[in-house]
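Shown next, in structure tokens, is the structure this report addresses.
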Amino acid sequence: MLEMRVERFMSHTTDDDDRRYRPADEVDQAKQRDPVVTLGNLLLEQGILAQEQIDEAAENALAAVDAATDAADNASPPDVSTLHHMSTQSSPIQPVCRPITRHQESDSVAVKSVIEAVREAIREEMHRDPSVFVMGEDVGARGGVFLATQGLLEEFGEDRIIDTPLAEASIVGIALGAAFRGQRPMPEIQFSDFVWPSINQLIGEAARTCYGTNGAVQVPMTVRIPYGGGIRGGLFHSQNVETHFFHTPGLKVVTPCTPYDAKGLLKAAIRDNNPVVFLEHKKTYRLVRGEVPEGEYTLPPAKRHSRARAAMWTIAVRRTLHSASMPQLGRQLGIDSEVVDLRTLSPLDKDTILTSVRKTGKLLIAHEDNITGGIGAEIAALVADEAFEYLDGPIVRVCGPDVPTMPFAQTLEDAYIPDPTKIAAALRRLAAY
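Heads up, the sequence shown is in full-length UniProt numbering, so the first residue is 1 and it goes up one at a time.
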């Protein structure tokens with residue numbers, strides 16, 4: 001690998017004249033330090049290339065750029081019908097994705113925790129596909145801070161379970177380059193609060209690559225991110241970052257709730273040819289246990305889980321710590337509810353939400369992230385646009401408050417997170433309609 005530090009030889013833009021602030025001799029000296037020229041001279045001195053070969057390579061490069069420029073200049077304007085072409089938002093599963101198989105019923109199941117299901121999915125996919133590898137802080141010898149990769153270093157070696165420095169931009173950037181080359185990297189961001197240095201790689205590059213190249217370049221990369229409160233992690237270990245990625249076309253955003261979901265969705269994400277942000281609520285890692293089939297299965301993105309039938313209410317849940325108790329809470333209040341537990345945010349299963357609201361006539365949305373601009377606001381807008389005439393009352397949201405960070409103090413954290421008491425109060429309010 002060659003790292004070349006290249007200085008700019010001309011103005012920053014066509015309407016900028018750098019001669020006003022940059023001495024001419026500075027540019028001349030920079031050209032003498034041009035690493036491309038320096039490399040050419042070195043290859044000449046070593047007898048590796050002849051001058052004619054270097055000249056030919058330079059001419060070919062210029063000709064390729066000129067040809068591409070001419071082709072772009074002479075091309076017809078694209079038809080507006082192609083606006084969404086090669087965007088992962090245009091359909092639940094992109095045609096470029098590998099086939100996703102549904103769960104095959106198995107007589108053999110085992111009770112596992114969410115973190116055990118995540119580890120099992122990683123192990124199975126690494127055995128199935130040698131292009132899958134993991135990289136991140138402490139993922140190797142330590143097995144990850146939550147032990148998601150425990151034992152995998154010994155099983156797969158340092159070439160596929162890669163410990164990295166504390167440098168999220170580099171972690172995601174290197175993974176992105178590997179994905180460009182056809183590998184299936186799985187970078188781990190140790191805590192969601194650490195993701196910000198890698199935002200340019202995730203949102204500025206990974207999310208836009210397929211669309212910007214008209215599908216010529218794929219990004220089969222799954223970024224695992226533990227997130228969420230309930231652990232008294234405070235400012236740097238408890239934030240919910242889902243809305244930032246949900247707002248970004250080109251990313252798939254997956255949010256498993258159960259061990260069954262975690263394993264099936266993670267396997268599907270790894271096989272997807274698009275960048276996937278895989279959000280894992282830390283509080284569920286060992287608290288939530290459930291049956292997981294021992295056979296091979298995946299869950300296709302865009303599907304949700306809904307419970308209860310013949311309901312009078314719809315409760316749309318985005319992974320709160322108490323989402324599993326929603327049906328019981330409704331029954332305690334004498335409310336027959338249908339709980340729509342979203343497995344993914346992007347693509348969003350709009351049909352299920354709308355079908356449920358058209359059946360029940362009432363909608364309560366609960367999620368842990370800030371209320372303003374959150375997934376609940378988007379669901380509310382969707383229902384207002386496409387199912388308004390079916391509503392018997394206002395759309396009610398129970399969400400995190402608009403404060404800058406998840407508080408550290410136990411009393412404040414409890415006040416922040418939606419819980420059965422807050423949701424019950426909202427249900428009683430909605431019952432007045």
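For glycine and all other residues, C-beta sits at the position ideal for the given N, C-alpha and C.
Check whether residue i and residue j have beta carbons under 8 Å apart
i: V219; j: K252; result: no
i: P259; j: V292; result: yes
i: I365; j: A380; result: yes
i: V403; j: A426; result: no
i: V134; j: I122; result: yes
i: V279; j: I225; result: Rather than Val, the amino acid found at residue 279 in this sequence is Leu. In contact: L279 and I225 (Cβ atoms closer than 8 Å).
i: F194; j: E168; result: yes
i: V125; j: I270; result: Residue 125 is actually Glu in this sequence, not Val. Yes. Within cutoff.
i: M1; j: P35; result: no
i: D392; j: Y433; result: yes
i: residue 438; j: D163; result: Since the first residue of the chain shown is 1 and the last is 433, residue 438 is not available in this structure.
i: L430; j: K362; result: yes
i: F408; j: S346; result: no
i: T344; j: V254; result: yes
i: D351; j: L342; result: no
Three-way DSSP call (helix, strand, coil) for residue i in this model
i: L176; result: helix
i: E158; result: coil
i: A110; result: strand
i: L382; result: helix
i: I203; result: helix
i: K267; result: helix
i: Q104; result: Any reading at Q104 must be qualified, since the residue scores a pLDDT of 47, below 50, and its modelled position is unreliable; the value itself is stated next. Here Q104 sits in coil by DSSP.
i: L354; result: helix
i: E56; result: helix
i: G182; result: coil
i: E7; result: coil
i: A72; result: helix
i: Y227; result: strand
i: E316; result: For the sequence presented, residue 316 should be read as Ala rather than Glu. The answer is strand: DSSP assigns A316 an E or B state.
i: D163; result: strand
i: A431; result: helix
i: P77; result: coil
i: D18; result: helix
i: D341; result: strand
i: G290; result: strand
i: P187; result: strand
Cβ-Cβ separation, residue j to residue i (assumed contact under 8 Å), whole Å
i: H367; j: G376; result: 5 Å
i: G295; j: I417; result: Their Cβ separation, rounded to whole angstroms, is 36 Å, which puts G295 and I417 out of contact at 8 Å.
i: G136; j: G143; result: Actually they are not in contact, since the Cβ atoms of G136 and G143 sit about 11 Å apart, beyond 8 Å.
i: R289; j: V111; result: 6 Å
i: A207; j: P249; result: 7 Å
i: S356; j: E338; result: 5 Å
The beta strand (DSSP E) enclosing residue i, as first and last residue numbers
i: D402; result: Unbroken run through D402: none, as it is neither H nor E.
i: G136; result: 132-136
i: L235; result: Careful: L235 lies outside any beta strand (DSSP E) and carries neither H nor E.
i: E368; result: 363-370
i: T38; result: Segment 35-45 is the alpha helix (DSSP H) holding T38; no beta strand (DSSP E) there.
i: D392; result: Premise fails: D392 is in no beta strand (DSSP E) and is neither H nor E.
i: T344; result: 344-346
i: D129; result: Segment: none, D129 is in no beta strand (DSSP E) and carries neither H nor E.
i: V253; result: 252-254
Host alpha helix (DSSP H) of residue i (start-end)
i: F194; result: Careful: F194 lies outside any alpha helix (DSSP H) and carries neither H nor E.
i: K283; result: That residue, K283, is in no alpha helix (DSSP H); it is neither H nor E in DSSP.
i: A141; result: No alpha helix (DSSP H) holds A141; DSSP gives it neither H nor E.
i: V27; result: 24-32
i: L412; result: 410-416
i: H244; result: 242-246
Close beta carbons around residue i, own chain, < 6 Å, minus the five adjacent residues each side
i: M221; result: A175, A179, P185, P275
i: S198; result: E168, A169, V172
i: residue 437; result: Because the chain in this structure spans residues 1 to 433, residue 437 falls outside the shown range and cannot be described.
i: L299; result: G264, L265, A268
i: S238; result: G229, M406
8 Å CB neighbourhood of residue i in its chain, flanking five on each side removed
i: L147; result: I115, R119
i: L354; result: L382, V383, E386, A387
i: D138; result: G144, V145, D163, Q190
i: T14; result: none
Residues near residue i by beta carbon distance below 7 Å, same chain, minus five either side
i: A30; result: E7, F9
i: I161; result: V134, V139, G140, T149, L152, L153
i: G182; result: S131
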